[in-house]
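Numbering (our numbering), first residue to last: 26 to 180.
Glycine included, C-beta positions come from ideal geometry on N, C-alpha and C.
What follows is a single structure, written as C-alpha cells, with notes after it.
Next comes the structure, spelled out in C-alpha cells:
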C-alpha cells in the first residue's frame, strides 16, 4: 500500500479499553497502578488510564476509517460519502486469497511500533486495546464471516 495518501482519522477511535472483572481484580489492579502507574502503550509516558495511548501518541496514530476498499480495507480517500469504496487498484489487478479484510491502524509510526512490540517484544499489554480496535473496525465483516484468521499464520 505504498504511496497511498494518509486517510482521515476515525472520529470515534477509543483511547482506552474499560476494565472488566470482579471486585478483587479491580482492587488488585488499583494497587498495582499505585505501585506501577499506567503507561502509554507506545512512549511509556505516565497516564491516568491503563491500556491507552497518551494524547501525543494518539494524535500520531492513524486509525483507519471509511471510505475503505471493500475488499482489502486499504484507505480510499478519493471516494467520499460511502461506507466502503469500490475495489482499489491493487485488488482489481491481483487475485487475493481472501474475500474481505480490515485493519484497525495504518501500519506506520505508532501503529507499526505497536504491532511489532506485540509480536516480537512480548508486549501482551497491547493485546486488549488492539483487540478492541480490531473489533470496532471489523464489526461489519464479523457478522458475515465464516472464518476469522490471524495474519501471518506463523510465529
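Measuring straight from C-alpha to C-alpha, what distance separates residue i and residue j?
| i | j | result |
| --- | --- | --- |
| residue 101 | residue 126 | 14 Å |
| residue 80 | residue 73 | 12 Å |
| residue 148 | residue 142 | 6 Å |
| residue 67 | residue 138 | 7 Å |
| residue 82 | residue 53 | 27 Å |
| residue 114 | residue 78 | 33 Å |
| residue 50 | residue 56 | 10 Å |
| residue 70 | residue 64 | 5 Å |
| residue 150 | residue 112 | 35 Å |
| residue 154 | residue 120 | 32 Å |
| residue 62 | residue 173 | 35 Å |
| residue 47 | residue 160 | 23 Å |
For residue i, which residues does DSSP report across the bridge?
| i | result |
| --- | --- |
| residue 80 | For residue 80, which the question treats as bridged, DSSP gives no partner whatsoever. |
| residue 71 | 64 |
| residue 100 | 93 |
| residue 123 | Residue 123 pairs with nothing; no bridge assigned. |
| residue 130 | 88 |
What are the boundary residues of the alpha helix (DSSP H) that includes residue i?
| i | result |
| --- | --- |
| residue 167 | 152-167 |
| residue 139 | 135-145 |
| residue 117 | 114-118 |
Keeping to the same chain, check which residues put their C-beta closer than 7 Å to that of residue i; ignore five residues upstream and five downstream.
| i | result |
| --- | --- |
| residue 116 | 94, 96, 97 |
| residue 166 | 125, 127 |
| residue 163 | 127 |
Beta-carbon within less than 8 Å of residue i's beta-carbon, same chain only, minus the 5 sequence neighbours each way: which residues are those?
| i | result |
| --- | --- |
| residue 58 | 75 |
| residue 145 | none |
Between residue i and chain B, is the shortest Cβ-Cβ distance under 7 Å, so that the two count as touching?
| i | result |
| --- | --- |
| residue 52 | The chain labelled as chain B is not found in the depicted structure, where only one protein chain is given. |
Could you name the residues of the same chain whose beta carbon sits closer than 6 Å to that of residue i, not counting the 5 residues immediately before and after it, in chain order?
| i | result |
| --- | --- |
| residue 175 | none |
* To do: Would you be able to state if there are at least three C-beta pairs under 8 Å between the segment 131-151 and the segment 86-102?
  => yes
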